[in-house]
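S.K.: Mind looking over this structure? Questions follow.
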Amino acid sequence: SQQGEEDPQALSIQEGENATMNCSYKTSINNLQWYRQNSGRGLVHLILIRSNEREKHSGRLRVTLDTSKKSSSLLITASRAADTASYFCATDEETSGSRLTFGEGTQLTVNP
Amino acid sequence: EPEVTQTPSHQVTQMGQEVILRCVPISNHLYFYWYRQILGQKVEFLVSFYNNEISEKSEIFDDQFSVERPDGSNFTLKIRSTKLEDSAMYFCASRGTSYNSPLHFGNGTRLTVT
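Residue numbers (the numbering used here), protein chains in the order written: chain A, 426 to 537; chain B, 7 to 120.
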């Protein structure tokens, strides 16, 4: 499997429910970031968590990082139809220089 | 809020032709990137650029690709002889000086090679 794999690949929920997306990676990282992409648009940065952090919050977003398991999760609480988008995790690997490596993404659909 | 701008938004070209995709990164950023996304697939790293030179490139970024920062504001990606498989969304991104700073992406150029 590749660096930065998300699961599930697709998630469909009702407005008001919580959405949880997971990301696994393989190498040591400096930080892990989550991005959102609306259809046909560029990626928008949501949140960054450093390798020495375990949890971070930003509004309705909660990110966790478990470096021992090389995994992260993104929780969106009280979802809205406007949260419908693709969500990608991206890793800043210790040995990769300046690149970010993106995962496959989770397509989230929030039904009104 | 400052943003990364890309032009054109859509480029159609014939196989074998050269294309230049243009980007204006955020003005005080120092790291510049090109990524591509084939329809429905993951976002793939092509190249990063810092201090007027390529700092890292992927195996996709072969001799057909080149990047340039011709002046203080523009950052371009050139594909010398396009192939059908180059059809994709090409995203430019820039990053500031802080080690843990995020990437700021443009809205992309959709390249269609016919």
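Glycine included, C-beta positions come from ideal geometry on N, C-alpha and C.
#1: Which of the three DSSP states, helix, strand or coil, is assigned to LEU90 (chain B)?
#2: Check whether chain A comes within 7 Å of SER79 (chain B), counting only Cβ atoms and requiring the distance to be less than that.
#3: Along the stretch 507 to 529 of chain A, where does the CB come closer than 9 Å to a CB of chain B? Name the residues.
#4: With distances taken Cα to Cα, identify the nearest neighbour of PHE97 (chain B) among B:SER33, B:THR118, B:PHE111.
#5: Measure the alpha-carbon distance for GLU442 (chain A) versus ALA510 (chain A) and round it to whole angstroms.
#6: Using the three-state DSSP reduction, which class does THR115 (chain B) fall into: helix, strand or coil?
#7: Relative to the alpha-carbon of ASN80 (chain B), which residue among B:SER93, B:ARG28, B:GLU7 has its alpha-carbon at the smallest distance?
#8: With 16 other CB atoms within 10 Å as the buried threshold, where does GLY467 (chain A) fall?
#9: Roughly how many angstroms lie between the CA atoms of ASP92 (chain B) and VAL10 (chain B), to the nearest whole one?
#10: For the beta strand (DSSP E) holding ARG75 (chain B), just list the boundary residues, first then last.
#11: Residues of chain A with CB under 7 Å from LEU109 (chain B), in chain order?
#12: Between which two residues does the beta strand (DSSP E) containing ASP69 (chain B) stretch?
#13: If you reduce the DSSP assignment to three classes, tell me which class LEU507 (chain A) lands in.
#14: Where does ARG485 (chain A) fall in DSSP's three states?
#15: Going by DSSP in three states, PRO8 (chain B) sits in which element: helix, strand or coil?
#16: Using a Cβ-Cβ distance under 7 Å, would SER426 (chain A) count as near chain B?
#17: List, in chain order, every chain A residue whose beta-carbon is nearer than 8 Å to that of VAL30 (chain B).
#18: What is the C-beta distance between VAL53 (chain B) and ILE60 (chain B), in whole angstroms, given that I count them as a contact (C-beta under 8 Å)?
#19: Which chain B residues sit within Cβ distance under 9 Å of LEU473 (chain A)?
#20: Which residues in the same chain as PHE513 (chain A) place their Cβ atom closer than 6 Å to its Cβ, once the five residues preceding and following it in sequence are excluded?
#21: What's the C-alpha gap between GLU440 (chain A) and PHE38 (chain B)?
M.R.: Short version:
#1: Residue numbering aside, residue 90 (chain B) sits at position 84 when the second sequence is read from its first letter. Helix at LEU90 (chain B).
#2: Indexing the second sequence from 1 puts residue 79 (chain B) at position 73. So no, SER79 (chain B) is outside the interface.
#3: PHE513, ALA515, ASP517, SER521, GLY522, SER523, ARG524, LEU525, THR526, PHE527, GLY528, GLU529
#4: Counted from its first residue, the second sequence places residue 97 (chain B) at position 91. Ranking B:SER33, B:THR118, B:PHE111 by Cα distance to PHE97 (chain B) puts B:PHE111 first.
#5: Your numbering for residue 442 (chain A) matches position 17 in the first sequence. Your numbering for residue 510 (chain A) matches position 85 in the first sequence. So the alpha carbons of these two residues sit roughly 15 Å apart.
#6: On the second sequence, residue 115 (chain B) is found 109 positions in, with the first residue counted as 1. Of the three classes helix, strand and coil, the one that applies to THR115 (chain B) here is strand, per DSSP.
#7: The sequence position of residue 80 (chain B) within the second sequence is 74, counting from 1. It is B:ARG28 whose Cα lies nearest to the Cα of ASN80 (chain B).
#8: Along the first sequence, read from residue 1 onward, the residue named residue 467 (chain A) stands at position 42. That one is buried.
#9: As a working mapping, residue 92 (chain B) is identified with position 86 in the second sequence. As a working mapping, residue 10 (chain B) is identified with position 4 in the second sequence. Cα to Cα, ASP92 (chain B) sits roughly 22 Å from VAL10 (chain B).
#10: Residue 75 (chain B) sits at position 69 when you count from the first residue of the second sequence. Looking at the DSSP string, ARG75 (chain B) is not in any beta strand (DSSP E), and its letter there is neither H nor E.
#11: Taking the second sequence and counting its residues from 1, one reaches residue 109 (chain B) at position 103. Near LEU109 (chain B) (Cβ distances below 7 Å), the residues of chain A are HIS470, LEU525.
#12: Working through the second sequence from its first residue, we reach residue 69 (chain B) at position 63. Looking at the DSSP string, ASP69 (chain B) is not in any beta strand (DSSP E), and its letter there is neither H nor E.
#13: In the first sequence, the residue the question calls residue 507 (chain A) occupies position 82. One detail in the question is off: residue 507 (chain A) reads as Ala in this sequence, not Leu. Helix.
#14: As a first step, residue 485 (chain A) is located in the first sequence; it is residue number 60 there, counting from the start. In the structure shown, ARG485 (chain A) sits in coil (DSSP, three-state: anything other than H, G, I, E or B).
#15: Here the question's residue 8 (chain B) lines up with position 2 in the second sequence. In the structure shown, PRO8 (chain B) sits in coil (DSSP, three-state: anything other than H, G, I, E or B).
#16: Taking the first residue of the first sequence as position 1, residue 426 (chain A) is located at position 1. Confidence is the limiting factor: at SER426 (chain A) the pLDDT is only 35, short of 50, which leaves the residue's position unreliable and the question unanswerable from this model.
#17: Within the second sequence, the letter at position 24 stands for residue 30 (chain B). Within 8 Å Cβ-Cβ: nothing; VAL30 (chain B) doesn't reach chain A, min ~13 Å.
#18: Reading the second sequence from its first residue, position 47 is the one you call residue 53 (chain B). Reading the second sequence from its first residue, position 54 is the one you call residue 60 (chain B). So it is a contact: roughly 6 Å between Cβ atoms.
#19: By 1-based counting over the first sequence, the position of residue 473 (chain A) is 48. Near LEU473 (chain A) (Cβ distances below 9 Å), the residues of chain B are ASN106, SER107, PRO108.
#20: Taking the first residue of the first sequence as position 1, residue 513 (chain A) is located at position 88. Hits under 6 Å: TYR460, PHE527, GLY528, GLY530.
#21: One-based indexing of the first sequence puts residue 440 (chain A) at position 15. One-based indexing of the second sequence puts residue 38 (chain B) at position 32. Near 37 Å, if we compare the C-alpha coordinates of PHE38 (chain B) and GLU440 (chain A).
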